[in-house]
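Student: Quick note on the working numbering: the sequence shown kicks off at -17 and runs consecutively. Ideal Cβ placement from N, Cα and C applies to all residues, glycine included. Keep in mind it's a predicted model, so treat the numbers as computed, not measured.
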Amino acid sequence: MSQTNIGDDEVDIVIGALHADLTSFLNEWRPLFSRFHLIIVKDPDLREGLKIPEGFNLHVYTKSDIDRVVGSSYTAINFSGYSCRYFGYLMSRKKYIFSVDDDCIPAKDDKGLSVDAVDQHITNLATPATLSSLTHSDHDAPTQALKPGHRNSRYVDAVLTVPARALMPVSGVNIAFNRELAGPALFPGLRLAAEGKLRWETVEDIWCGLCVKVRQCHRKLEERVGRREADGGSRPVLSVCEVSQAAVTTEDCVLEIVALVKERLATLDPVFARAAQAMADWIKLWKAVGSGSGSSRPSNG
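#1: Quick one, which of Trp189, Phe61, Ile157, Ser6 has its alpha-carbon nearest alanine 257's?
#2: What residue range does the beta strand (DSSP E) around serine 81 cover?
#3: For histidine 132, count neighbouring Cβ atoms within 10 angstroms of its own Cβ and tell me buried if that reaches 16, exposed if not.
#4: By Cβ distance below 8 Å, which residues in the same chain neighbour lysine 10 in space, the five residues on each side in sequence not counted?
#5: Buried or exposed: valine 230, going by 16 or more other Cβ atoms within 10 Å of its Cβ?
#6: From phenylalanine 262 to aspartate 84, what distance separates their C-alpha atoms?
#7: According to DSSP, what are the bridge partners of valine -7?
#8: Nearest to isoleucine 33 by alpha carbon, out of Val253, Leu95, Leu0?
#9: Report yes if the CB atom of arginine 17 is closer than 7 Å to the CB atom of aspartate -10, and no otherwise.
#10: Label serine 65 either buried or exposed according to how many other C-beta atoms from any shown protein chain fall within 10 Å of its C-beta, with 16 as the threshold for buried.
#11: Under 8 Å, with one C-beta from each stretch per pair, do the stretch 18 to 30 and the stretch 38 to 49 reach the 3-pair mark?
#12: How many angstroms separate the CA atom of leucine 20 from the CA atom of leucine 40?
#13: Assign glycine 37 to one of two classes, buried (16 or more other C-beta atoms within 10 Å of its C-beta) or exposed (fewer than that).
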């Protein structure tokens, strides 16, 4: 098997900060994070100042940075709540991104040993095979609401390559990807009208997963996940989505999906029209920031 060596300086760890005190979280991850550059994006709705322990190479982005970069030109994009992580994807300049939420802790295998999730993600990105994964650590939404402190800690040594033309949601809670190949298709697009701050109230991860998978199939690339949690029948939303051969880049693919969403879904519900506009704005913003028209440095240095 061919393997690409990925250096530590090619990886950004992106953390969406919905909690002000990151001390416990970062200290838990310190053995795994200390050799990488961190991008921490503070939820623009979070009023308290962040508490960050010393000893990390990091940049922190806040509401003022989001306002400076986004301005008033991209009103369809909302970086509040869990969507703040996407701003980190936008501002990163590294080839690979590992994104993790601030309420996650390192997993332990069935022997009680800590699992190096970062190393496993990097190995998976660099080779045609993956190692182990912890799947479904959170319960279904109603159960988690009743038992917020309970987790399924069963360690699953399994992997699934999602078949061509089969769609799959992703989760920004714990995800790693090649920024150039997948980044433009990971965006805060589909949002419910009354969406709140609870993870199970958000649907943009589901929408991103569908868009990324359409793009992966078009480029004949693989997408891997841990053990499959559910099987289901055909879903008409994007299962009939065909991207033309003229779409060469990920940005091209997303813009073609935008056109299809406007044509086939926007008349069904306004949420899809808003999603299409957010997708179009995201690509414009992605290109603008990538061209250097917006500074990638946070205002706090």
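Tutor: A quick look at the data gives this:
#1: Of Trp189, Phe61, Ile157, Ser6, the residue nearest in Cα terms is Trp189.
#2: From DSSP, the beta strand (DSSP E) with serine 81 extends over 78 to 83.
#3: Classification of histidine 132: exposed, given that the 10 Å Cβ count is below 16.
#4: Before going further, note that residue 10 is glutamate rather than lysine in the sequence given. Excluding its 5 nearest sequence neighbours in each direction, glutamate 10 has C-beta neighbours in its own chain below 8 Å: Ile87, Pro88, listed in chain order.
#5: So valine 230 counts as exposed.
#6: Correcting the residue type first, residue 262 is alanine in the shown sequence and not phenylalanine. When rounded, the distance between both Cα atoms is 29 Å.
#7: The partner list for valine -7 (beta bridge, DSSP) reads Tyr78.
#8: First, the amino acid is wrong: residue 33 is lysine here, not isoleucine. Considering only alpha carbons, the answer is Leu0.
#9: In contact: arginine 17 and aspartate -10 (Cβ atoms closer than 7 Å).
#10: Serine 65 counts as buried, since at least 16 other C-beta atoms from the protein chains shown sit within 10 angstroms of its C-beta.
#11: Between the stretch 18 to 30 and the stretch 38 to 49, the count of Cβ pairs shorter than 8 Å is three or higher; the stretches touch.
#12: Those two C-alpha atoms are separated by around 4 Å.
#13: Exposed.
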